[in-house]
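Following: one structure in structure tokens, then a few remarks.
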Amino acid sequence: MNISCIILNYNDPETTISLVNSIVNYEILDTIVIVDNCSTDDSVSRLQALAGGKVHVISTEKNGGYGYGNNHGIRYAHGILHASHVLIANPDVKVTEECIQAMKDSFLKISRLGIAAAVTRDGTGEVTLSSWRLNGLLGDLLDTGLITRRIFAHWLNDRPELKADSEKERYVYVDAVLGSLFMADMNALMECGLYDEEVFLYYEEKILGFQMKKKGYGTILLLNQSYIHLHSVSINKNVKSILKKQAILHKSKLHYYKNYLGINRFQECLVRAFLAFLMAEIWFLTEIVGLSW
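Following this line, the structure appears as structure tokens:
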């Protein structure tokens, strides 16, 4: 196996440099590809200082979003570095070599495996949401609403990382995993069409999980391995407005519903109305009531 780690940077060189320095000596990684997604700061010049040896630094011609930037790195790893697998890593993660090794071992043991990921923990070490169930239109909308998400939480996401006994059950098949850190088979990615570049941010993971299932590839969550994800540090630095984040999320959701779930015009009108109501609710709670998100 030839493993290339893809790290996407946008206006956050400090976080990216910190991650690269922490993993550059991991023998399990053959190469590290840093993709600068057309940053508007001094990221490129600062990241170029890391180039050399196993570290490659490349840049996109535009900021086409999360999927676009990662695809740029995946294609480079495939065409230039001849990687058989890629480790997609957000800059704001902390991961051990043991965890990456466990992901690699999974591909050697499980046939038709497309993606392997580990349990996600926050900065305090607490286990957080690590995978999603693909629930269809109604379930996905219920998972969007502030109130319905809490009422139907146990039905919408079964949270295997909390329920399973990792001593007995080493891994479990899931529909989709978080995009912050996972290893993927290059051939499976290519067959699935890589990330959907029509999505700028959010929902890339669910779409990729949907495509993996459609093509007959498995996605697993390793229950006895974990990594730390520092709550979207890079995203929060660059998209500070709660309402702007929500608007981007809703646009991505609508794209998923139309292009993958195949909703009709009537359903689309209902979805748009529901999402508009949620935006008004969030505006009221954050701008008027003053609740933090």
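Using full-length UniProt numbering, read the sequence shown as starting at 1 and increasing by one per residue. We put the beta carbon where it would ideally sit given N, CA and C, even for glycine.
For residue 110, the secondary structure class from DSSP, reduced to helix, strand or coil, is coil. Per DSSP, reduced to three states, the secondary structure at residue 24 is coil, with no helix or strand assignment.
The closest CA to that of residue 77, considering only 208, 35, 100, is found on 35. If you draw a straight line from the Cα of residue 260 to the Cα of residue 135, it is about 13 Å long. Excluding sequence positions up to five before and after residue 207, its CB lies within less than 8 Å of the CB of 195, 196, 199, 256, 260, all in the same chain and listed in chain order.
In the three-state reduction of the DSSP assignment, residue 11 falls in the coil class. Sequence-distant Cβ neighbours of residue 69 in its own chain, meaning closer than 6 Å and more than five residues away, are 8, 35, 37, 60. With respect to the 8 Å criterion, residue 204 and residue 66 are classified as neighbours on the basis of their beta carbons. For residue 183, the beta-bridge partners assigned by DSSP are 87, 116. Taking every protein chain shown into account, the CB of residue 253 has 16 or more other CB atoms within 10 angstroms, so this residue is buried.
DSSP places residue 250 in the uninterrupted alpha helix (DSSP H) bounded by 242-259. As DSSP reads the structure, residue 121 sits in a beta bridge with 127, 228. When only Cα atoms are considered, residue 242 and residue 201 end up about 14 Å apart.
Within the same chain, Cβ atoms closer than 8 Å to the Cβ of residue 220 are found at 106, 110, 113, 115, 116, 117, 171, 172, 173, 174, the five residues on either side in sequence being excluded. In its chain, beyond the 5 residues on either side, 174, 177, 221 have a beta carbon closer than 6 Å to the beta carbon of residue 131. With a beta-carbon spacing of about 11 Å, residue 32 and residue 83 fall beyond the 8 Å limit used to define contacts. Excluding five sequence positions before and after residue 71, the CB atoms of its chain that fall closer than 8 Å to its own CB belong to 194, 195, 197, given in chain order.
The beta carbon of residue 284 sits closer than 6 Å to none of the beta carbons in its chain outside the five residues before and after it.
Minimum Cα-Cα distance from residue 26 among the listed residues 262, 55, 244 corresponds to 55. According to the DSSP assignment, residue 171 belongs to the beta strand (DSSP E) that extends over 171-173. Residue nearest to residue 120 within the set 248, 30, 108, 99 is 99 (criterion: CA-CA distance). Secondary structure of residue 4 (DSSP, three-state): strand.
Residue pairing by DSSP places residue 271 in no beta bridge whatsoever. DSSP lists no bridge partner for residue 104. A direct Cα-to-Cα measurement between residue 214 and residue 288 gives close to 44 Å. With fewer than 16 other CB atoms across the displayed protein chains lying within 10 angstroms of its CB, residue 147 is exposed.
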